[in-house]
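Quick note: the sequence shown uses my numbering, first residue 10, plus one each step.
All C-beta atoms in this analysis are idealised placements derived from N, C-alpha and C, irrespective of residue type, glycine included.
To start, the structure itself, in structure tokens.
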Amino acid sequence: PVLTNLGLAVQAEGHVEEALAAFQGALKLTPEDPNAYFNLARALTDSGEHREAQQALRSCLALSPQDAEAYYDLGLSLLQQKEAGATEEGVEAVRACVTLEPKDGKNWLALGDGLAAQKRWEESASAYTRACDLRPAHAPSWASLGNALEEQGSNADAETHWRKAIALAKANDGGGAGADGGGAGADGGGGVQASWYLNLASMLRRADRMAEARTMYSSALGVEPTSVDAYMGLGRCHAPPTDSQSEGARRYLQGLRDTYGAALDLQPDHAGAYTALGEAMRMYGLQGGCDEVRACLRAGRHAR
Numbered sequence: 010p011v012l013t014n015l016g017l018a019v020q021a022e023g024h025v026e027e028a029l030a031a032f033q034g035a036l037k038l039t040p041e042d043p044n045a046y047f048n049l050a051r052a053l054t055d056s057g058e059h060r061e062a063q064q065a066l067r068s069c070l071a072l073s074p075q076d077a078e079a080y081y082d083l084g085l086s087l088l089q090q091k092e093a094g095a096t097e098e099g100v101e102a103v104r105a106c107v108t109l110e111p112k113d114g115k116n117w118l119a120l121g122d123g124l125a126a127q128k129r130w131e132e133s134a135s136a137y138t139r140a141c142d143l144r145p146a147h148a149p150s151w152a153s154l155g156n157a158l159e160e161q162g163s164n165a166d167a168e169t170h171w172r173k174a175i176a177l178a179k180a181n182d183g184g185g186a187g188a189d190g191g192g193a194g195a196d197g198g199g200g201v202q203a204s205w206y207l208n209l210a211s212m213l214r215r216a217d218r219m220a221e222a223r224t225m226y227s228s229a230l231g232v233e234p235t236s237v238d239a240y241m242g243l244g245r246c247h248a249p250p251t252d253s254q255s256e257g258a259r260r261y262l263q264g265l266r267d268t269y270g271a272a273l274d275l276q277p278d279h280a281g282a283y284t285a286l287g288e289a290m291r292m293y294g295l296q297g298g299c300d301e302v303r304a305c306l307r308a309g310r311h312a313r
């Protein structure tokens, strides 16, 4: 108990190696204690030793097969590997967790993430729906459900759920915005994630709802000002003017600078930005150069 308490105390202060040593010492003294394996697994995860952590969790479950929290941690760790075999085992671990604790929304969210990783969209949507039912104010659950619904072609429902996620996150965060996050089992609350705006914007753009799409891409930049995807999306929302001599044409060229050019400023080796810029110039009828396009290319002058 002394070693365990020491490990928990130093772990809470961020002293990973000291916590690991304390939990390893406790396990040597009590090798049949499932909690010793569980604590060790968390310390191993903190130190980046994920496969060792998974093995410790399996040992914990061999001694305590009804430990829902151990199944949850094992499932998330496996899903984060993003490997086919690990994903399959991760889904089964989270499914066992759901069976043991079916009223915990975070378990259903993790199951939905695992099924989504396997592209089992209908099943993942069902899991996300259950997560939303159990935690109706949890914005990431609604956003995840929106993703699964779009993959099934239910665009109207996907839009509804993304907008709900955004509204909930703003309300929960007092109107602010948080950094983009994600990944299997992402369970944090926080503010709006840039990816929600990006997903919604892309769907609106494909539906030719350009003004709304531009608003969403701009909102994504408000959350993540260095989002290359948001600048690329804004560029795709612009259409060339019919009159190449008009003031509108000049604004269009400046728009290329402010979108694809901004993407190249952030990521000079972005091949897609060069391609999109070239296609935009061709649609405009511009075969030579202009000040705006030269500015776009200043970060990659070697590319011709």
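C-beta contact flag for residue i and residue j at 9 Å
i      : j      : result
LEU12  : GLY34  : yes
LEU88  : VAL103 : yes
GLU168 : ALA125 : no
TYR81  : ALA45  : no
TRP205 : ALA165 : no
GLN20  : ASP55  : yes
SER86  : ALA105 : no
CYS141 : GLY162 : no
TYR293 : ALA258 : yes
PRO111 : LEU70  : no
GLU97  : GLN127 : yes
ARG144 : SER135 : no
Nearest candidate by alpha-carbon position, reference residue i, set the options
i      : options                        : result
ARG223 : PRO234, ALA216, ALA210         : ALA210
VAL201 : GLU221, ALA229, ARG215         : ALA229
ALA31  : GLU22, HIS24, LEU15, GLY23     : LEU15
ALA265 : GLU288, TYR80, ASP278, ASP166  : First, the residue type needs correcting, since residue 265 is Leu and not Ala in the sequence shown. Checking every option, the nearest Cα to that of LEU265 belongs to GLU288.
SER153 : TRP117, ALA180, ASP182         : TRP117
THR138 : GLN127, ASN156, ARG214         : ASN156
VAL237 : ASP217, CYS246, ARG215, HIS279 : HIS279
VAL100 : ALA28, ASN44, GLY123, ALA203   : GLY123
ASN208 : GLY244, GLU233, TYR226         : TYR226
TYR261 : LEU72, GLN276, ARG245          : ARG245
GLN90  : ARG60, GLN276, ILE175          : ARG60
LEU275 : MET241, GLY121, ALA134, PRO74  : MET241
Start and end residues, alpha helix (DSSP H) containing residue i
i      : result
SER204 : 203-215
ALA239 : 237-245
ARG291 : 280-293
ALA248 : That residue, ALA248, is in no alpha helix (DSSP H); it is neither H nor E in DSSP.
THR268 : Neither: THR268 is in no alpha helix (DSSP H) and is coded neither H nor E.
Simplified DSSP assignment, three categories, for residue i
i      : result
CYS141 : helix
THR13  : helix
HIS170 : helix
GLY200 : coil
THR39  : coil
GLY34  : helix
ARG218 : coil
Alpha helix (DSSP H) segments (min. 4 residues) lying fully within the region 49-98: 59-72, 77-88
4-residue-minimum alpha helix (DSSP H) runs that sit fully inside the region 97-163, ordered along the chain: 114-126, 130-143, 148-160
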